[in-house]
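*Asks:*
2 protein chains.
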Amino acid sequence: MDTALELAGPLTHDELRRLDAYWRAANYLTVGQIYLLDNPLLREPLRPEHVKPRLLGHWGTSPGLNLIYVHLNRAIVARDLNMIYVAGPGHGGPAVVANTWLEGTYSELYPSVGRDEDGMRRLFRQFSFPGGIPSHVASEVPGSIHEGGELGYSLSHAYGAVMDDPDLVVACVIGDGEAETGPLAGSWLSNMFVDPARDGAVLPILHLNGFKIANPAVLDRIPTDDLLSMMRGYGYQPYLVEGDDPARVHQELAGTLDVALDAIAAIQARARGTAANQARARGHAGAEPSPDGHPGHRPRWPMIILRTPKGWSGPREADGHRVEGTFHAHQVPLAVSRGNPEHLARLEQWLRSYRPEELFDATGAPARDLDRLVPAGDRRMSANPVTNGGLLLRDLALPDFRAYAVTVARPGGPDASATGVLGNWLRDVIAANPDRFRLFGPDEVESNKLDAAFEVTDRAFVGRITPDDQDLAPGGRVLEVLSEHLCQGWLEGYLLTGRHGVFTSYEAFIHIVDSMVNQHLKWLKVTRNIPWRRPIASLNYLLSSHVWRQDHNGFSHQDPGFIDHVVNKKAEVVRVYLPPDANTLLSTMDHCLRSRHYVNVVVAGKQSGPSWLGITDAILHCQRGLGVWDWAGTRTGEEPDVVLACAGDVPTLETLAAAALLREHLPDLRVRVVNVVDLMRLQPDTEHPHGLPDAQFDAIFTRDRPVIFAYHGYPWLIHRLTYRRTNHANLHVRGYKEEGTTTTPFDMVMLNDLDRFHLVTDVIDRVPGLGGRAASVRQRMVDARVACRAHTREYGEDHPRITGWRWPAPA
Amino acid sequence: MDTALELAGPLTHDELRRLDAYWRAANYLTVGQIYLLDNPLLREPLRPEHVKPRLLGHWGTSPGLNLIYVHLNRAIVARDLNMIYVAGPGHGGPAVVANTWLEGTYSELYPSVGRDEDGMRRLFRQFSFPGGIPSHVASEVPGSIHEGGELGYSLSHAYGAVMDDPDLVVACVIGDGEAETGPLAGSWLSNMFVDPARDGAVLPILHLNGFKIANPAVLDRIPTDDLLSMMRGYGYQPYLVEGDDPARVHQELAGTLDVALDAIAAIQARARGTAANQARARGHAGAEPSPDGHPGHRPRWPMIILRTPKGWSGPREADGHRVEGTFHAHQVPLAVSRGNPEHLARLEQWLRSYRPEELFDATGAPARDLDRLVPAGDRRMSANPVTNGGLLLRDLALPDFRAYAVTVARPGGPDASATGVLGNWLRDVIAANPDRFRLFGPDEVESNKLDAAFEVTDRAFVGRITPDDQDLAPGGRVLEVLSEHLCQGWLEGYLLTGRHGVFTSYEAFIHIVDSMVNQHLKWLKVTRNIPWRRPIASLNYLLSSHVWRQDHNGFSHQDPGFIDHVVNKKAEVVRVYLPPDANTLLSTMDHCLRSRHYVNVVVAGKQSGPSWLGITDAILHCQRGLGVWDWAGTRTGEEPDVVLACAGDVPTLETLAAAALLREHLPDLRVRVVNVVDLMRLQPDTEHPHGLPDAQFDAIFTRDRPVIFAYHGYPWLIHRLTYRRTNHANLHVRGYKEEGTTTTPFDMVMLNDLDRFHLVTDVIDRVPGLGGRAASVRQRMVDARVACRAHTREYGEDHPRITGWRWPAPA
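The listed protein sequences correspond, in order, to chains E and L. Quick note on this note's numbering: the first sequence kicks off at 298 and runs consecutively. Quick note on this note's numbering: the second sequence kicks off at 298 and runs consecutively.
#1: Do His1016(E) and Arg1017(L) have their beta-carbon atoms positioned less than 8 Å apart in this structure?
#2: Classify His797(E) as helix, strand or coil using the three-state DSSP reduction.
#3: For Thr1040(E), count the other beta carbons within 10 Å of its own beta carbon; 16 or more makes it buried, fewer makes it exposed. Which is it?
#4: Ala582(E): buried (16+ other C-beta within 10 angstroms of its C-beta) or exposed?
#5: Could you tell me the alpha carbon to alpha carbon distance between Pro386(E) and Leu503(E), rounded to whole angstroms?
#6: Check whether the Cβ atoms of Ile601(L) and Tyr531(L) lie closer than 8 Å to each other.
#7: Taking only beta-carbon atoms, is Glu935(E) less than 8 Å away from chain A?
#8: What distance in whole Å lies between the Cβ atoms of Trp398(L) and Arg412(L), which are believed to be in contact at a cut-off of 8 Å?
#9: Look up His987(L) in the DSSP assignment and say whether it is helix, strand or coil.
#10: Is the stretch 378-393 of chain E touching the stretch 442-462 of chain E in the sense that three or more CB pairs, one from each, lie closer than 8 Å?
#11: Determine the DSSP secondary structure at His388(E), reduced to helix, strand or coil.
#12: Since Asp975(E) sits in a beta bridge, which residues does DSSP pair it with?
#13: Give me the residue from Asn730(L), Pro1097(L), Gly1068(L) with the minimum Cα distance to Asp692(L).
#14: Within the same chain, show all residues whose beta-carbon is closer than 7 Å to that of Glu444(L), passing over the 5 residues directly before and after it, in chain order.
#15: Looking at Leu979(L): is its Cβ nearer than 8 Å to the Cβ of Val899(L)?
#16: By Cβ distance below 6 Å, which residues in the same chain neighbour Asp496(L) in space, the five residues on each side in sequence not counted?
#17: Which runs of the alpha helix (DSSP H) spanning at least 4 residues fall entirely within the stretch 453-495 of chain E, listed in chain order?
#18: Quickly, what does DSSP pair Gly608(E) with across the bridge? List them, please.
#19: Name the one or two DSSP bridge partners that Asp712(L) has.
#20: Taking DSSP's pairing of strands, which residues face Leu1028(L) in a bridge?
#21: Looking only at its own chain, which residues have a Cβ that is under 6 Å from the Cβ of Glu621(L), when we skip the five neighbours before and after it?
#22: Across the stretch 956-966 of chain E and the stretch 1051-1070 of chain E, are there enough close Cβ pairs to call them in contact, namely three or more that are closer than 8 Å?
#23: Could you check what DSSP says for Asn264(L) in three-state terms: helix, strand or coil?
#24: Residues of chain E with a CB under 7 Å from the CB of Ala482(L): which are they?
#25: Taking Gln816(E) as the query, report the chain L residues whose CB atoms sit under 7 Å from its CB, ordered along the chain.
#26: Using only alpha-carbon positions, find the residue among Asp335(E), Pro682(E), Leu486(E) that is nearest to Arg831(E).
#27: Could you give the DSSP three-state label for Glu1112(E): helix, strand or coil?
#28: Any beta carbon from chain L within less than 8 Å of Asp1052(E)'s own beta carbon?
#29: Are the C-beta of Ala954(E) and some C-beta of chain L separated by less than 8 Å?
#30: Compute the beta-carbon to beta-carbon distance between Gly1032(E) and Leu1051(E), rounded to the nearest angstrom, for a pair I have assumed lies under 8 Å.
#31: Note the first and the last residue of the continuous alpha helix (DSSP H) segment covering Tyr403(L).
#32: For Asp755(L), collect the residues of the same chain with a Cβ closer than 8 Å to its Cβ; drop the 5 residues on either side in sequence, then sort them by chain order.
#33: Pick out the complete beta strand (DSSP E) segments inside the stretch 482-568 of chain L, 3 residues or longer, and give them in chain order.
#34: Which whole-angstrom value describes the C-beta separation of Ala680(E) and Gly687(E), a residue pair presumed to lie in contact below a C-beta threshold of 8 Å?
#35: Look up Val759(E) in the DSSP assignment and say whether it is helix, strand or coil.
#36: Do Glu414(E) and Val671(E) come within 8 Å of each other at the CB atom, strictly closer than that value?
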C-alpha cells in the first residue's frame, strides 16, 4: 500500500494511514471472532486449542462493512454528524461487533467483555459459541436497529428511522444479494415519501461484492451503465467507488462520502429555507422543477455504489481455487482443522497480515491512534440513542377516547362504522402528536374509513401533485404506498427509533408481511431480556376490509389467518383483539397505543354495523377481555343449557341474531351469550399472560354444556387455544372454512355455516331433550336459509329480513 | 375521433375504425357487467329494474386492459403469434371477461352465456352477483393464469410461463399500482434468467393510468425521463405511448407493438442462429458485447409504457368532481341509485356513447366487422391451451428412485444426507426431462446439498459470466435468485402452463411467500371444480436448512410455521410430509412429483444423519403415512405403557435415542415408537382425505396411554390436528417453542425440551407406578442435560456422547 499512500487527497497521508489501520483492526477482530478461542493477540504461535472446533460465521461481507464503518466514523468526527448504521448484510455480525468493541460501546454495555486482552479473548470466544452471541447483527449488538438475517428490509428500516428526525442521517448498507429481493427493490422509491425539510436523510450504500452463497449477484453482472441508469431512474444521484487497492479505495470513498454528505446538507439547507417551507405548506408543487432538477419537491438524493472484492484482505486461495473475490469467501473462507499444522499456519499468516502489533497496545486495547477515529459519546453509531428507541420514547398525548364514543341507548343501536368512529379519534391523535405518530397503509386509509385523518394532515408525497389529487403534501402524517413491505419496514424503523404508529391494511394481504412480523417479533422477544434495551411502542395492526366483507373483491381477498400466524410466536409479545363494535374498538386502540413492546393485531369492520355497548360497558368489557352479555341471554345467573360464544364483529351480529331467534322460538331454552374481545383470554394462564384461569373459564363457558362458538377466522384456532379447557369436548366452532366469492355479506356467512340460522340449528343439534318443537324450529331455520339464498340469487342483495334485522327492544 | 382518423399509419383508416369499434364493444360490455341486470342492448330506455341493486367492480383499469387486448389481437392475427395475456390489474375482471365473450371462448366453455342478446344479459347479470362470477380475473376466466387480486406477481408469472416454451409470447400488463409492490419491482430482472434461444419472450406493458384507490401512482409521478432510465437500467428498451385521443393512441400503440414484436423476433432469430447456440453451449460468455449492446448474452428486450387516463371513455365528472383521469374512476365511477331518473339517464348516456347499435347485430352477437379481429381457434388468448396447463401436462419421466437408495443393513446405519441422496435422483430427473422440469431456489440448491444437479445442468444466467463462477449458463435448468417471491412466481407460472418443478428453500424464509401460496392454493381449490380446467402438477416445496439446524445463522432463521400456514387451506389441496431419513425422502419426493393439483410441503434435513429404513420399508412406511416401528419399541404386539411418537428427522433421532435410554434404564417399560411421515394422517378422515379413521388411530396411539409426541414444528399444531381423537387428553407434544440462537444442534433441542433426556423425563412423569428406580433414572436424565450443556459451553461443540450416539445393535 505504501506507494499508493502518495495518492492525492482528500485524505492526508496520516489520515489514510489511520483509516487503514482502523480497517485492519476491525478485520482482525472479525477474523478473530470467527476462528479463535484464545491467544487473541497472537502472543504465541497458534496452537490447536486456540482455534474453535466449529467454525461459524460470514466473512465475505465483513471487510466491506468494516471499510464503510470507519469511513463513516471519519465523517461523523469531521462533521459532528448524528448518524446511524444499518447493516443490510446482517450476517456480517462479527464486523459490526468488532466496530462496537473498537468504539468502546460494547464494553460499556457488556462489562465482562472489556477493551483489553482478556476482553478480546471473550469477544472472540463468545461469537457463534454456545451461551455466547448470535452470528448476525442481532438485537444484542449495540447500535443495531436491523438484524438483517432475512434480507430485504434494510432500506425501508432506514427510511422509517429518519421520519420526523431531521438531523439524523442513516447510512444504509445494502448487500448485492439483498438487492435482488422484491422488498428491497421496492424500497428505493421511499425517497418519494421523505420530506427533506422535516425528515432526516438516508444515504444508501449499495455494496457490490459480487457473490452470494454460491452464485454471482445479479446487480454485479449487469452493465455498470445500466446500474447507474437504474439508480438515476429511482431518483438518486449515484456515485461509483470501485477497486481492490485499499489506498485508492480509501481515497475515493472518503472523497465520495464528502461529496454525498455535502449534497445532503445542501438539499436540507435548501428545503429548510423559508421560501421552500412556504411552498411546502401550500402542498401543491405543480410541475415546476426544483433546484435539484426534479419537478415537484423530491431532491435528487445521493447514493453510493461501492464495488470491492468479496472477502477482501482474506485468503487469496484455498483448496486449489480462488477465494478472495469469489463466492468461496462467503462464510468461513479457510477450513481450519485444529489438528492440521498447515491450516494453523495459514490462519496465523492471515491474522498476522493485519499487523495486530500495530493496532493494539500492550494491554490489548486499541492503539491510541485508532481511538482518534472514534466519535465521541453518543455520536458513536453504536451508542446513538436513536438505535435504542425506548430511551427516546415519549408517551403519546392521547385525547380521551370516551368523548368520541357512540351513544348507545340500547344494545344494537345506533348503527356506526367502527373504523369511521375510530377515525375521528385517530385524527386527534395525529394532531396532538405532530412529531411522533404516523399512520401507515397500502392506499386503504380512506377506504377503511379513517379519512377523518385528512382533516388535519395529508398523505406524505414529494412527487408531482396535481389539482385532482386530494390530501397530498410533503410532510403528511399518513404514509400510503401500495406495498405492505414498505409500510411494515417504515413502521418498524419508526418504532425502533422511539416513535408510535398504526398499520392499517386488508386482513388477507397482511400475510404479505408474515415473514417481516416474524422477524420483528423475534426482535421484541429477545430484547425483552436485554437490560440496556428499553421497551419500544407496540406495532399495531388495524385490519379492516376483513374476510367477511370483500364485497368488491371476493375469494382472493379472504384470509383471516394472520392471527394464526402471530399466535405461533412468544405469548409475551403477541396480543390479538376482535372488538365487536365502535366503542370496543375505541377502547382497544387506546389500550394498544399505550402498550409497549407487543405486536397488537386488531381486526375490526369498516361497514356500518350495530353498536352493542355504551362506552362505559365497552371499557369494562375490554378490560375483562371477554364476558357474558347478560342482556343478550336468558335468565341471568342460572346455569345455561347452551353457551353462544362469539369473537369478531360479524360473528357477534350473527350470534345475537341467533340468540334472538332462540328467544323467540324456544323461549324455555336457557342461553348464555359470551363475547370475546381479547382472544388470548381463551388460552390457559400458563400459556399466555392474558390467559383466563381455568376456574374463571369454567364459570363462563360451563364445565359440561354445549358451547357454539362463532369465530371470525379459521375455526380450529379456537380449538388450539382451548384444548386444555375442561369443557373443550363440548365446544363447537364455526368460522371461515375457506369458502367464498364475490357475493353479499349474508351469503358469505351462509357459505361458511356461520349464519344465525345455522347457529340455531347447531344449538338444536347439540342440546339434548329439546323435543318436537325444536325439530320444527330447526326446519324453519333450514327453510330460512333456502329463502335467503334464493332471494339473494334473484335480486343480488340480501333479504330485507336480514338487512333490516335489529336486536329486539326489551319486552 | 373523425379528424384523427386521418393520422398517418401504421393503421389504415379501416383498421383503425375496426380496432376502435372493438375497443368500444369491450368497454360497453365492461360497463354492462358492472351496472346492468337486463336490457343489455338498450333496446328500450333504462328502467330501474334494469340496473343492479349493488354496484360492484373496478372500472378504472378496464379501458386500458381492453385497449391492449384488441391491439394484441391485431398483432396475433397479423403475425400468427402464440400469445397469452397476463392481466396484472386482475381486478379488471369485467374487461377480460368482455374480451373472452367477444372471442367466443366464453360461450364455448359456458354455453348458457351465449354470444347473443340472452347470453349478454346473463353475462351482465352474473358479474359480481350472488351465484355468478367473481369480480376479478379469477380462474373461472378463460385464458387466465393469473388472478392478480393481491398484486405483485404478474411479471414473475409471465416469465415462468415462457420458460421452455420458445414460441410463446406473454403480454404482461402491469398496473402502476402493482408496480409499487416489492415483488413486482424485484421481477424486472427476470430477464437475466431467460434464454432467448430456449425460452419464449415476455413483453411487459407498464400501464400508467396514474391512480390507485385514493392516491396517485408513484411511477406516474416521477419524471418520465427517470422512468425510462429505470427501465433501461433493468435492461429493457422502453417505448412510451401516451395520450387521451383514442385515434392517436391507437396509431401509436399499433406502431409501437409492431416495433416491439419485430425486436423480439429479431432477438430470437439471432439467439437461435447456429453460432449463438454454440457460444451458449460453451456457457461462458465473457464480457463481449452481444449484437444488442449488452455484455454477455442478455438481449435488450423491448417493453412498453402506456400512459392513458384512468377510466378512459367513462364519465368525465360526477358529484362535482372530475372522474375520468382521476382516482374517482377506480371502482364504480357513477353512483346509480335505481330510483333516481337522473342517474339512470347519465348511465344510459354513457352506455350509448359506445354506439352499441354499431357493435352488435340484431341477435346481440358481435358485428361481423369485429369478428375479423378475433384470432382463430387456439390463437385466441382466451383459448390458448397454454393457459389451461393441465391440457398440455405430460408426466415426468422418473427414474426408479429405489436405485438411489441408501442400503440400510440395520436401523441407524449408515449416516447419509437425506437431501444429498435425493440430489442424485433429482439430477437424473432433470436429465430425463429437459423440457418440463426445473428446480427453483434462492441461492441454496448447493448449500441444501442438491449440487448433484450441476453434473447435468447449470444455473440459468444470461449475465456476464466469469472464470470463477461455477455451473452458470443460459438455459440452465436450475433457477437461483435471492428472491423467494421470484422463485415462487416463476414456478407458479411454469406449473400453470403445464410443467413440473420443485422449490427448495430455507424453512424459515418460505414465509416470505405465505401470501403467494395462499393465492395459489385458492386457485387450486377453485379450479378443482371448473370442469374445463385440467389438473396441473403439484407445487412442491422441499424445505431444508430447517429450524433445528441453523448452525451459521441462529434465531432469525428459525421458524417451522409454514406448515401451520398451509394447513389452514382446503384439505383437498394441501399435503405435508416429514420424512425422517434419506430413503423416506426419496419415496416421498417420487410421490410428490407424480401428484397433481396439490401443494406438497416436504421438510427434510441436509446434514448427515442416520438412515432408519431400507428402501422397501421406507416405501411401505410412506404409503401408510405413519406407522409403528416395531424394531424400536419393546415387545411387539403388546399394549404399551407409553407411546413415543415423532415427526421430522431431528425429533425422530431424539425419540429413538430416548427409546434406547428407556430400554437401557427401564427395561420393563413397554414402549411403542410411532413415526409420522404424512402429517395429515393425524387428522380425522372427515377433515382430510389422508386422515386416519379413528379406529386405526386408536389402535396405534392407544385409547388411554400417555403419548409423548416429538414434533418438528410448533407443538400446538399436533393438538389442532388431533383434538378430536379418543386419546387426545393423554397427548403431550414437544416441539419448537421459539427458543434458539446460534448454537450447537443438541443445544438447540435442549433449549426447546425436545432432547432425548427430556423425552425420557416426560415419560417418567406421565407413566404412573414406575417406582423408585424411575426417580433415579429421572435424576440421571436431568444430570445428563446439565453435563451436555456444560460440555457444549466449555468446548463449543456437542458432547461426544451425543455426536457418537448410534442406535444400539440388536442384542
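A virtual CB, placed ideally from N, CA and C, is assigned to each residue, including glycine.
*Replies:* Working from what's here:
#1: Yes, Cβ-Cβ distance for Arg1017(L) and His1016(E) is below 8 Å.
#2: Strand, per DSSP.
#3: The residue in question, Thr1040(E), is buried, as its Cβ has 16 or more Cβ neighbours within 10 Å.
#4: Reliability fails at Ala582(E), whose pLDDT of 38 lies under 50, so the model's placement of it is uncertain and the value that follows must be treated cautiously. Looking at its Cβ environment, which holds 16 or more other Cβ atoms inside 10 Å, Ala582(E) is buried.
#5: Just so you know, the alpha carbons of Pro386(E) and Leu503(E) end up roughly 11 Å apart.
#6: No Cβ-Cβ contact shorter than 8 Å links Ile601(L) with Tyr531(L).
#7: The question asks about chain A, but that chain is absent: this structure's protein chains are E and L.
#8: Arg412(L) to Trp398(L), Cβ: 7 Å. Contact.
#9: Looking at His987(L) - three-state DSSP - the assignment turns out to be coil, as it is neither helix nor strand.
#10: The answer is yes - the stretch 378-393 of chain E touches the stretch 442-462 of chain E, with three or more Cβ pairs under 8 Å.
#11: For His388(E), the secondary structure class from DSSP, reduced to helix, strand or coil, is coil.
#12: Answer is Tyr874(E).
#13: Of the candidates Asn730(L), Pro1097(L), Gly1068(L), the one whose C-alpha sits nearest the C-alpha of Asp692(L) is Asn730(L).
#14: Same-chain partners within the cutoff: Gly387, His433, Val434, Ala435, Ser436, Gln816, Trp820.
#15: No, the Cβ-Cβ distance between Leu979(L) and Val899(L) is not below 8 Å.
#16: Result list for Asp496(L): Val459, Met460, in chain order.
#17: Entirely contained in the stretch 453-495 of chain E, the alpha helix (DSSP H) runs reaching 4 residues are, in chain order, 479-482.
#18: Residue pairing by DSSP leaves Gly608(E) without any beta bridge partner.
#19: According to the DSSP secondary-structure assignment, Asp712(L) is paired through a beta bridge with Pro907(L).
#20: Paired residue(s): Val1004(L).
#21: Non-local C-beta neighbours of Glu621(L) in its own chain, meaning closer than 6 Å and more than five positions away in sequence, comprise Pro606, Gly608, Gly611, Arg613, ordered along the chain.
#22: They touch, by the three-pair rule.
#23: Here chain L covers residues 298 to 1108 and nothing more, so residue 264(L) does not appear.
#24: Residues of chain E whose Cβ lies closer than 7 Å to the Cβ of Ala482(L) are, in chain order, Gly479, Ala482, Gly483.
#25: Taking a Cβ-Cβ threshold of 7 Å, the residues of chain L close to Gln816(E) are Ser853, in chain order.
#26: Among Asp335(E), Pro682(E), Leu486(E), the Cα nearest to that of Arg831(E) is on Pro682(E).
#27: Nothing about residue 1112(E) can be read from this structure; chain E reaches only from 298 to 1108.
#28: Not an interface residue.
#29: With 8 Å as the cut-off, Ala954(E) does not count as an interface residue toward chain L.
#30: That pair is a contact at about 7 Å.
#31: Run containing Tyr403(L): 402-406, per the alpha helix (DSSP H) assignment.
#32: Within the same chain, Asp755(L) has close Cβ partners Gly580, Asp768, Leu769, Ala770, Gly772, Gly773, Arg774, Val775.
#33: Complete beta strand (DSSP E) runs here, min 3: 498-505, 534-539.
#34: Beta-carbon to beta-carbon, Ala680(E) and Gly687(E) are separated by about 15 Å, too far to satisfy the 8 Å threshold.
#35: Val759(E): coil per DSSP, three-state reduction.
#36: When the beta-carbon positions are compared, Val671(E) and Glu414(E) stay at least 8 Å from each other.
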